[in-house]
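Reviewing the structure listed below.
So, in structure tokens, the structure goes:
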């Protein structure tokens with residue numbers, strides 16, 4: 031586990047501060063993409079549910095499976111969107127880059143790979 035404590039407003043983390051504009055842009059791009067994807071998935075799922083009764087029996091099973099997949103994709107997309115919005119909020123409040131579980135720094139390479147990461151590698155693998 032890293033031994034570096036989370037930076038505070040009086041003890042900023044220089045490497046993270048330098049990367050914040052890039053990380054914020056990544057998060058904002060991801061947020062826009064997820065919102066668009068959520069709208070597409072929701073629009074695609076609604077007609078399937080409405081028309082399922084009118085479809086022949088053999089097609090109904092296929093559409094039900096598609097609806098189940100779409101429902102799972104919608105749930106996953108909403109979860110990731112929530113994670114992205116939480117990360118953006120943590121940036122605004124100065125708490126971005128700290129593990130929610132142990133308070134240690136999340137390595138910068140992890141944040142570049144997963145900008146909405148909320149845990150260090152140690153905590154991620156133990157939870």
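Numbering (the working numbering), first residue to last: 31 to 157. Don't be surprised by glycine CBs; every beta carbon is placed ideally from N, CA and C.
- A direct Cα-Cα distance of roughly 10 Å separates residue 111 from residue 117.
- Nearest in C-alpha terms to residue 108, of all of 97, 47, 68 and 128, is 68.
- Distance from the CA of residue 99 to the CA of residue 70, rounded to the nearest whole angstrom, comes to 14 Å.
- Secondary structure at residue 48: helix, using DSSP grouped into helix, strand and coil.
- In the structure shown, the three-state DSSP call for residue 147 is coil.
- Proximity to residue 115 across 145, 72, 156 and 153 peaks at 145, based on C-alpha coordinates.
- Comparing C-alpha distances from residue 102 to each of 72, 131, 127 and 129 shows the shortest one belongs to 72.
- Across the structure, residue 137 and residue 113 are spaced so that their CA atoms are roughly 18 Å apart.
- Nearest to residue 130 by alpha-carbon distance, out of 119, 149, 120 and 139, is 149.
- Setting aside the 5 residues that flank it on each side, residue 61 is surrounded in the same chain by 114, each with a C-beta closer than 6 Å to its C-beta; the list follows chain order.
- Within the model, the alpha-carbon separation for residue 104 versus residue 63 is close to 13 Å.
- With contacts defined as CB atoms closer than 8 Å, residue 127 and residue 43 qualify as a contacting pair.
- Taking 8 Å as the cut-off, the beta carbon of residue 50 is found no closer than this to the beta carbon of residue 134.
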